[in-house]
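Q: Got a structure for you, questions after.
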Amino acid sequence: MAVLQLSQTHLTVLEQCPRKFQYIYINQLMTPVPSEQRMAMERGSQIHHLIHQHELQLPLESWIPSANSASLEHPPYTAASRVAELYAAAASLSSAIPITDETTLFRQSEYRLNVEMSGVLLTVVYDLLLLKDTQAYIFDWKTYAQPPRRETLAHTWQTQLYPFVLVETSDYSPNQVHLSYWFIHNDSRQSPSTDLRSSNHPKSLNNSQPLKPECLSFDYSDRLHQRIRISLQTTIEQVKIWLEEYPESTAFPKTHQMEEHCTTCQFALRCDRLQQAQADWEALLDISMIDEVPLGITTPQETQELPQN
């Protein structure tokens, strides 16, 4: 039997709605991603990749986004201006990284850590992990423009799981671990005359015009560590129960917070949580219920067409 693996994304979906977790990760149901969301996700991935290249001291010109990339051509911005914005965003975030000195013991980008708890593998991927003699720093790059409220971010599973796993897998005490989120605004107002395949790309992020990042930092503590341990153990035990019952055709429960989660959920119709929307959709599917509307088009035989959306 495969070992259950949970990341902060899995835990977040579980917290929002267990049934949604079932649909995505057990039933593997896929839904179309809106174009704006898809472009934002691709932009974030590209910026993370550039910073990773920079950390590995690899030439940045070896990685140039495809001219056909969906996130580059976004009118009124050209692909060239998008590339410049990607470099500027990556340069801004990388400028937040402390310089390595004699107290630095370990520094690694895109670093994965796992820890086993109650038969479940908890996994994290740090955008950057910097370990010093007596302090540990976790950096996470955020490429959406508006930082959430500090109170909201503090209660996310990412803010809880990232320091927890580091403490569980190292000799650092909770009060020696620090997590910082760095937010970069999406500023594409630059319009350089840079061709995607030219040699005019910055050779390093240091040569790019940086944007101004914002930072939200969180310290850790023994009290938080114990509280998170209890939350994780409770969640893991509950998931195990749901998984044991699921083969007997018992579905994961639906969220009780309908207004908060169901109105924008892609599975709302499947869950019968948007009754009126479902009725409207079923009416659309029943052609016999759609009245014919004359459009005033005269042909040898009077023509009527269905209304177009």
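In our numbering, the protein residues as written are 1341 to 1649. C-beta atoms are modelled at their ideal positions from N, C-alpha and C, and glycine is treated no differently.
Quick one: Cα of I1364 to Cα of S1347, how far?
A: Those two C-alpha atoms are separated by around 14 Å.
Q: Using CA atoms only, rank isn't needed, just tell me which of V1343, V1507 and S1434 is closest to S1561.
A: Among V1343, V1507 and S1434, the Cα nearest to that of S1561 belongs to V1507.
Q: Using the beta-carbon count (16 or more within 10 Å), is F1504 buried or exposed?
A: Buried.
Q: DSSP state of S1557, grouped into three classes?
A: Correct three-state label for S1557: strand.
Q: Classify S1347 as helix, strand or coil using the three-state DSSP reduction.
A: Looking at S1347 - three-state DSSP - the assignment turns out to be coil, as it is neither helix nor strand.
Q: Which of the three DSSP states, helix, strand or coil, is assigned to L1493?
A: L1493 falls in the helix class under three-state DSSP.
Q: Once DSSP output is grouped into helix, strand and coil, what is the label at A1476?
A: In the structure shown, A1476 sits in a strand (DSSP, three-state: E or B).
Q: Between which two residues does the beta strand (DSSP E) harbouring S1449 extend?
A: Element bounds for S1449: T1444 to M1457.
Q: Taking the C-alpha atoms as reference points, what is the distance between S1718 and R1613?
A: What the structure shows of the chain is the stretch from 1341 to 1649, and residue 1718 is not part of that stretch, so it cannot be assessed.
Q: Along the chain, where does the alpha helix (DSSP H) that runs through S1571 open and close?
A: Note, S1571: alpha helix (DSSP H), D1562 to E1585.
Q: Keeping to the same chain, check which residues put their C-beta closer than 8 Å to that of C1605; ignore five residues upstream and five downstream.
A: Excluding positions up to five away in sequence, the list reads C1357, K1360, C1611 and R1613.
Q: Considering only residues of the same chain and omitting the five flanking positions on each side of A1617, which have a CB-CB separation below 8 Å?
A: Because the pLDDT of A1617 is 41, which lies under 50, any placement of that residue in the model is unreliable, and the number read from its coordinates should be weighed accordingly. If we look at A1617 and ignore the five residues flanking it on each side, its Cβ neighbours are A1608 and L1609.
Q: Measure how close the beta-carbons of H1601 and S1557 come, nearest whole angstrom, since I'm counting them as under 8 Å.
A: In fact, because the Cβ distance is near 29 Å, the residues do not count as touching under 8 Å.
Q: Given that a residue counts as buried once 16 or more other Cβ atoms are within 10 Å of its Cβ, and exposed if not, what is E1585?
A: Exposed.
Q: Give every residue of the same chain whose Cβ lies closer than 7 Å to the Cβ of T1483, excluding the five residues on either side of it in the sequence, and list them in chain order.
A: R1383, G1384, I1387, A1429 and I1524, listed in sequence order.
Q: Using 8 Å for Cβ pairs, my map puts T1463 next to Q1345. What's the rounded Cβ distance?
A: Between Q1345 and T1463 the Cβ distance is about 6 Å, and since that is below 8 Å, they are a contact.
Q: Just confirm the distance between the C-beta atoms of A1436 and C1555, as a whole number of angstroms; I'd bet it's less than 8 Å.
A: About 7 Å; that satisfies the 8 Å criterion.
Q: May I ask you to report which of helix, strand or coil DSSP gives K1552?
A: The answer is coil: DSSP assigns K1552 none of H, G, I, E or B.
Q: Taking the alpha-carbon positions, what's the M1457 to A1424 distance?
A: Cα-Cα distance, rounded: 44 Å.
Q: Among all the DSSP beta bridges, which residues are the ones paired with T1463?
A: Answer by DSSP bridge pairing, in chain order: N1454.
Q: Residues in the same chain with beta-carbon distance under 6 Å from Q1500, minus the five sequence neighbours each way, listed in chain order, please.
A: Once the five neighbours on either side are set aside, the close Cβ partners of Q1500 are I1568.
Q: Could you please give the first and the last residue of the uninterrupted alpha helix (DSSP H) stretch that includes F1361?
A: Note, F1361: alpha helix (DSSP H), P1358 to F1361.
Q: For R1490, I'd like the list of residues in its chain whose CB is within less than 8 Å of its CB, leaving aside the five on either flank, ordered along the chain.
A: So the list reads L1556, once near-sequence residues are dropped.
Q: Whole angstroms is fine: what's the gap from I1391's alpha carbon to Q1573's?
A: For I1391 and Q1573, the distance between alpha carbons rounds to 35 Å.
Q: Closest to V1465 by CA distance: which of F1479, T1492 and A1431 is it?
A: The option with the nearest alpha carbon to V1465 is F1479.
Q: Secondary structure at H1518, three-state DSSP: helix, strand or coil?
A: Strand.
Q: With C-beta atoms as the reference, is E1395 less than 8 Å away from S1449?
A: Yes, the Cβ-Cβ distance between E1395 and S1449 is below 8 Å.
Q: Is L1468 near V1343, with beta carbons less than 8 Å apart?
A: Contact flag unset, no.
Q: Kindly indicate which residue of I1366, Y1427 and R1378 has the alpha-carbon position closest to the one of Q1393.
A: It is Y1427 whose Cα lies nearest to the Cα of Q1393.
Q: Who are the near neighbours of T1443 in its chain, counting only those whose CB is closer than 7 Å to its CB and skipping five residues on each side?
A: Answer for T1443: K1472 and D1473, listed in chain order.
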